[in-house]
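Q: To convert, note that position 34 of the sequence shown is 320 in our numbering; the numbers rise steadily by one, no gaps. Even for Gly, the Cβ is constructed at its ideal location relative to N, Cα and C.
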Amino acid sequence: MAKKKKLKQHHIDRDWCKGCGICVHFCPKNVLELDEMDKVFAARPEDCIACKLCEIRCPDLAIEIETEEGGS
287 MAKKKKLKQH HIDRDWCKGC GICVHFCPKN VLELDEMDKV FAARPEDCIA
337 CKLCEIRCPD LAIEIETEEG GS
């Protein structure tokens, strides 16, 4: 049976984030939001499905999604 990846942790480099909102737009589960300083944060990390769209789409490489392998 295939192993599913699940979120272990969001690593967000606030110094690199320019607040463009691309990651927020592409997140299929609405996990990410911009704060009052226009920096991204994981508002609902428990909803993350570890698809890594935010990591892939971030033009500033400010997001890294750490996953762990788990059973189905």
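In the DSSP assignment, the beta strand (DSSP E) including LEU339 goes from what residue to what residue?
A: On the sequence shown, residue 339 is found 53 positions in, with the first residue counted as 1. Per DSSP, LEU339 belongs to no beta strand (DSSP E); it is in the alpha helix (DSSP H), 339-343.
Q: May I ask which residues mark the beginning and end of the alpha helix (DSSP H) holding VAL310?
A: Within the sequence shown, residue 310 is the residue found at index 24, counting from 1. Start and end: 308-312.
Q: Grouping DSSP H, G and I as helix and E and B as strand, with all else coil, what is GLU350?
A: In the sequence shown, the residue the question calls residue 350 occupies position 64. Strand.
Q: Measure the alpha-carbon distance for CYS309 versus LEU318 and round it to whole angstroms.
A: On the sequence shown, position 23 is the one that residue 309 refers to. On the sequence shown, position 32 is the one that residue 318 refers to. Their backbone Cα atoms lie some 7 Å apart in a straight line.
Q: What is the rounded straight-line gap between the Cα of LEU320 and the Cα of ARG300?
A: On the sequence shown, position 34 is the one that residue 320 refers to. On the sequence shown, position 14 is the one that residue 300 refers to. Rounded to the nearest angstrom, the two C-alpha atoms are 11 Å apart.
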